[in-house]
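Here the structure comes first, spelled out in structure tokens, and everything after it is commentary.
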Amino acid sequence: MIETRLRTELADLACQGLARRRSLLQSLCGPQAEVEGRKMLAFASNDYLGLAAQIKAAFAPLAGHPRVRHLRQQGMILAIDVDSSDPAFSRRFYRAALAQEALVRPMGNTVYVMPPYIVSPEEITHLAQAVAGALDAALENGEAAKHWPPPG
Numbered sequence: 013m014i015e016t017r018l019r020t021e022l023a024d025l026a027c028q029g030l031a032r033r034r035s036l037l038q039s040l041c042g043p044q045a046e047v048e049g050r051k052m053l054a055f056a057s058n059d060y061l062g063l064a065a066q067i068k069a070a071f072a073p074l075a076g077h078p079r080v081r082h083l084r085q086q087g088m089i090l091a092i093d094v095d096s097s098d099p100a101f102s103r104r105f106y107r108a109a110l111a112q113e114a115l116v117r118p119m120g121n122t123v124y125v126m127p128p129y130i131v132s133p134e135e136i137t138h139l140a141q142a143v144a145g146a147l148d149a150a151l152e153n154g155e156a157a158k159h160w161p162p163p164g
């Protein structure tokens, strides 16, 4: 019978130390996990879902920014559309984000945020604050540039 044969083969594999043994994940979804009492970085499974929720919470205040038109998120990727007619907005935003130690991908008036799966909660908070600061700096500089040089 097939069932008897499979049980025998599995027992043989176990005796050789080759049987698959599932590890018990002893922590909530997130970038760090505890497996069999050892702390590890989680590079597998769907542990990124906990990070996606942290990203959503950290960036939520941007939805109320007067110049943000469409904040959206799919998993770990977040994007915002910015109301700006400045053709140099993306360059200005990119430089402002770099000045705040954040590497962010603006394309035209849309800013994309794509952190790695191993990002920490503190890094998510820093990224959200850097994007908000870069947005204000880019818009402020862009508006000032439209009126430069002053008449006179």
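Quick note: the sequence shown uses the numbering used here, first residue 13, plus one each step. For glycine and all other residues, C-beta sits at the position ideal for the given N, C-alpha and C.
For leucine 151 and arginine 107, which I take to be in contact (beta-carbon distance under 8 Å), what is that distance rounded to the nearest angstrom? Locating residue 151 in the sequence shown gives position 139, where the first residue counts as 1. Locating residue 107 in the sequence shown gives position 95, where the first residue counts as 1. About 13 Å separates the two Cβ atoms, so there is no contact after all.
Beta-carbon contacts of alanine 91 that lie in its chain and below 6 Å, excluding the five residues immediately before and after: Your numbering for residue 91 matches position 79 in the sequence shown. Around alanine 91: Arg84, Thr122, Tyr124.
Measuring only the C-alpha atoms, how far is alanine 31 from serine 102? Taking the sequence shown and counting its residues from 1, the one referred to as residue 31 is at position 19. Taking the sequence shown and counting its residues from 1, the one referred to as residue 102 is at position 90. For alanine 31 and serine 102, the distance between alpha carbons rounds to 54 Å.
Option in Pro128, Pro99, Gly29, Val116 with minimal Cα separation from glycine 167: No statement about residue 167 is possible, as the shown extent of the chain runs from 13 to 164 and does not include it.
Where does arginine 177 sit, in a helix, a strand or coil, going by DSSP? Nothing in the structure corresponds to residue 177, since the chain is present only between 13 and 164.
Do you know offhand how far alanine 109's Cα is from methionine 52's? Taking the first residue of the sequence shown as 1, we reach residue 109 at position 97. Taking the first residue of the sequence shown as 1, we reach residue 52 at position 40. Between alanine 109 and methionine 52, the C-alpha separation is close to 30 Å.
Between the alpha carbons of alanine 111 and alanine 140, how many angstroms are there, rounded? As a working mapping, residue 111 is identified with position 99 in the sequence shown. As a working mapping, residue 140 is identified with position 128 in the sequence shown. C-alpha separation (whole angstroms): 14 Å.
What I want to know is whether the C-beta of alanine 149 ends up closer than 8 Å to one or more non-hydrogen atoms of the ligand FAD. The ligand content of the structure shown is nil, which means the ligand FAD is not present either.
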